[in-house]
Amino acid sequence: MAKSGYQYTTSPRKLEPDYRKDKQKRKIKVVEDLPRQRVAISKEQKSKQIKITLFVIAIFGILLTISYRNSQIDEKFAEMKTLEQELASLQKENEQTRVSIENGLNLNNIEKLAKEKLGMQKLTNRQTIYVSLPKKDYVESASEKIVIEDDKNWFEKLIDKIFK
């Protein structure tokens with residue numbers, strides 16, 4: 012059986028020990044860099060490499076665009092949430108103002124403020140004065156006829172004078 016690395020049987024092969032002592036004494040040889048041979052690349056291979064490179068760049072651009080779009084969506088979503096919170100706080104403030112206005116329109120509160128701040132008092136019977144009015148109707152009928160003239164231009168006035 013050859014030492015190819017692949018074994019065709021199910022039993023493992025035995026390793027043969029290497030008893031050479033000179034193996035330990037051997038020095039490692041430094042291999043000098045040989046000038047590399049230039050390998051000629053065909054036009055088909057070059058075009059294939061260019062196509063692959065452009066494909067990778069296009070995929071990278073698409074992924075970058077998708078990432079940028081998602082970041083813009085996240086920013087707009089955060090802005091929308093802050094505006095919704097601001098709207099909720101303004102609606103709450105409006106409701107509180109409406110309640111305070113309704114409380115301020117209460118007649119008892121108005122009377123209390125009038126007495127305390129303005130020093131006003133309720134009317135007594137002595138301050139009430141009754142006025143008697145005759146039952147005669149004071150509306151007069153119009154005795155004269157009122158004519159309202161429209162502003163007419165000179166041509167219309169001329170025509171009116173001719174045909175009258």
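With positions in the sequence shown counted from 1, the corresponding number in the working numbering is that position plus 11. Note that CB positions come from ideal geometry on N, CA and C, so glycine has one too. These figures come from a predicted structure and were not determined experimentally.
Where residue i falls: helix, strand or coil (DSSP)
i           : result
residue 142 : coil
residue 132 : coil
residue 80  : helix
residue 22  : coil
residue 164 : coil
residue 49  : coil
residue 117 : coil
residue 147 : coil
residue 216 : No answer is possible for residue 216: the residues shown for the chain start at 12 and end at 175.
residue 175 : coil
Rounded straight-line distance, which links the Cα of residue j to that of residue i
i           : j           : result
residue 162 : residue 169 : 13 Å
residue 175 : residue 165 : 16 Å
residue 86  : residue 101 : 23 Å
residue 75  : residue 84  : 14 Å
residue 96  : residue 70  : 39 Å
residue 73  : residue 49  : 36 Å
residue 131 : residue 90  : 53 Å
residue 94  : residue 127 : 43 Å
residue 146 : residue 173 : 53 Å
residue 112 : residue 129 : 20 Å
residue 117 : residue 140 : 29 Å
residue 79  : residue 110 : 47 Å
residue 61  : residue 52  : 13 Å
residue 123 : residue 99  : 34 Å
residue 56  : residue 64  : 12 Å
residue 92  : residue 103 : 17 Å
Whole-number beta carbon distance between residue j and residue i, since they are thought to touch under 8 Å
i           : j           : result
residue 105 : residue 114 : That pair is no contact at about 15 Å.
Any non-hydrogen atom of the ligand SAM closer than 6 Å to residue i Cβ
i           : result
residue 173 : The ligand SAM is absent from the structure shown, which contains no ligands of any kind.
Residue-chain proximity (residue i, chain C), Cβ-Cβ < 7 Å
i           : result
residue 103 : Absent here is chain C; the protein component of the structure consists of one chain.
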